[in-house]
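Enquirer: Here it is: the structure, laid out below.
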Amino acid sequence: MKAPFAAHTRPNPPATGHAVSRVLVDAHFRRAGYYLVRSAVPPELCATLRQKLGTELESGHDVRYDDQLRPYRVDFLVDRVPEVWNALRSELVLDVVRILLGPNVDVVLNRHNHGTINQRGYSGVRFHRDVKSWSRNLLTAVIFLDDVTEANGATRLVPTSHYLPSVEQPFHGGTWMDEVDEYAFLEDQALAVTGPVGSVLLFDATLFHATGVNSTNEERPILTLGLHASDELSVSNYGDNHQQLCGTRAHHGNALAMAGKGAGVHD
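For reference, each letter of the sequence shown is one residue, going 898 to 1164 in this note's numbering.
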């Protein structure tokens, strides 16, 4: 028998307690900026994805290396490892994604779309945002291919930091938290999000976050994807930068604009 939906959507479900409603899933995400879906992807699929990620890293194609010349990241993941779609379309993952984004959802191919290995001794990264502005926002999805702990470098989040104003910095995107004096102290408020293999961490891409330090002798593999609701005002199919995860792409803009005849009557 499949476990109840709520049993997989509590960030740290107690042994006993009240079920979490779908309304509260959305409310928690909107307020805190993140949500953890525990044990959402089957372990056997995670094992396949770990093996495929290792193979792609060994290939050297579109692979990034750390300062010790160890391969740690492979890009253009969904084209190279099609099993990623099976993970994203796992029933429990789609349940929560649809709560947060609605029925029509796309995967963004030119942001995230990579698999990474948090290598032994990895020192972590600075706190940052994945995008600059809420008006072009993403839902970042991190799939745990193994158990994630504080010791092996769990992602650290600053809850509610998605409410902070965007601050532009020259040359490099305006996303580094420590370069904004009034934000730098927030690192002390960060929490590490841990979970068993198959868990999926979903967070607002304007939430400040950082990969933690891996102080263990083991690697920590994850996949990172960017999702957003299908653009109901676009008359194009987004070119090569999006691929549909679920639902449809229905245009709800002004009819005249859709027909290419100028501004609609409600402009």
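Glycine included, C-beta positions come from ideal geometry on N, C-alpha and C. No experiment lies behind these values; they were computed from the predicted model shown.
Three-state secondary structure (DSSP) at THR945?
Expert: Walking along the sequence shown from the start, residue 945 turns up at place 48. THR945 falls in the helix class under three-state DSSP.
Enquirer: Rounded to whole angstroms, what is the Cα-Cα separation between VAL1039 and ARG928?
Expert: One-based indexing of the sequence shown puts residue 1039 at position 142. One-based indexing of the sequence shown puts residue 928 at position 31. C-alpha separation (whole angstroms): 19 Å.
Enquirer: Which word fits HIS1106, buried or exposed, when buried means at least 16 other C-beta atoms lie within 10 angstroms of its C-beta?
Expert: What you label residue 1106 is simply residue 209 of the sequence shown in a count that begins at 1. The residue is buried, with at least 16 neighbouring Cβ atoms inside 10 Å.
Enquirer: Is it the case that the region 1120 to 1128 contacts the region 1078 to 1092, given that we only count it when at least three CB pairs across the two stretches are under 8 Å?
Expert: Touching, no, given that fewer than three Cβ pairs across the two stretches are closer than 8 Å.
Enquirer: Can you pull the DSSP bridge partners for ASN1111?
Expert: Reading the sequence shown from its first residue, position 214 is the one you call residue 1111. DSSP lists ASN1049 as partners of ASN1111.
Enquirer: Using the DSSP secondary-structure output, state which residues sit across from LEU1036 in a beta bridge.
Expert: Within the sequence shown, numbered from 1, the residue matching residue 1036 stands at position 139. BP columns for LEU1036 point to ASP1101, LEU1124.
Enquirer: Leaving out five residues on either side along the sequence, give the residues of the same chain with a beta carbon under 6 Å from the beta carbon of ARG1146.
Expert: In the sequence shown, the residue the question calls residue 1146 occupies position 249. Result list for ARG1146: SER1127, in chain order.
Enquirer: Suppose you measure from the CA of ARG961 to the CA of SER1131; what does that come to, to the nearest Å?
Expert: Looking up residue 961 in the sequence shown gives position 64. Looking up residue 1131 in the sequence shown gives position 234. One C-alpha to the other measures close to 34 Å.
Enquirer: Please say whether LEU1099 and CYS943 have beta carbons closer to each other than 8 Å?
Expert: Numbered from its first residue, the sequence shown carries residue 943 at position 46. Numbered from its first residue, the sequence shown carries residue 1099 at position 202. Cβ distance not < 8 Å, so CYS943 and LEU1099 don't count as in contact.
Enquirer: Per DSSP, what are the beta-bridge partners of GLY1012 in this structure?
Expert: On the sequence shown, residue 1012 is found 115 positions in, with the first residue counted as 1. In DSSP, GLY1012 forms a bridge with VAL971, LEU1120.
Enquirer: With a threshold of 7 Å on Cβ separation, who are the neighbours of VAL1028 within its own chain once the five nearest residues in sequence on each side are excluded?
Expert: Position 131 of the sequence shown holds residue 1028. Closer than 7 Å at the Cβ level, and outside the excluded window around VAL1028, lie ASN1034, LEU1035, ALA1102, THR1103.
Enquirer: Given that a residue counts as buried once 16 or more other Cβ atoms are within 10 Å of its Cβ, and exposed if not, what is TYR931?
Expert: Stepping through the sequence shown from its first residue, residue 931 is reached at position 34. Classification of TYR931: buried, given that the 10 Å Cβ count is 16 or more.
Enquirer: Excluding five sequence neighbours on each side, which residues of the same chain lie with their C-beta closer than 7 Å to the C-beta of ASN1049?
Expert: The sequence position of residue 1049 within the sequence shown is 152, counting from 1. ASN1015, ASN1111, THR1113, GLU1115, ARG1117, listed in sequence order.
Enquirer: Going by the beta-carbon positions, is the gap between GLY1150 and ALA937 smaller than 8 Å?
Expert: Sequence index remark: in the sequence shown, residue 1150 carries index 253 (1-based). Sequence index remark: in the sequence shown, residue 937 carries index 40 (1-based). No, they are not a contact pair.
Enquirer: By the 10 Å Cβ neighbour count, where 16 or more other Cβ atoms means buried, how is GLY957 classified, buried or exposed?
Expert: Position 60 of the sequence shown, counting from 1, holds the residue named residue 957. GLY957 is exposed by the Cβ-count criterion.
Enquirer: For VAL1022, does the three-state DSSP call read helix, strand or coil?
Expert: Locating residue 1022 in the sequence shown gives position 125, counting from the first residue. In this structure, VAL1022 counts as coil in the three-state DSSP scheme.
Enquirer: Please go through the same chain and pick out, in chain order, the residues whose beta-carbon is closer than 7 Å to the beta-carbon of ASP1075, but skip the five residues on each side of it.
Expert: Counting from 1 along the sequence shown, the entry for residue 1075 is found at position 178. Closer than 7 Å at Cβ, skipping near neighbours: ARG1023, PHE1024, ALA1081.
Enquirer: Residues bridged to ARG961 by DSSP?
Expert: Indexing the sequence shown from 1 puts residue 961 at position 64. ARG970, per the DSSP bridge assignment.
Enquirer: Give the single residue among THR952, PHE926, GLU953, ARG970 whose Cα lies nearest to the Cα of THR1166.
Expert: Outside the modelled stretch of the chain, which goes from 898 to 1164, sits residue 1166, for which no answer is possible.
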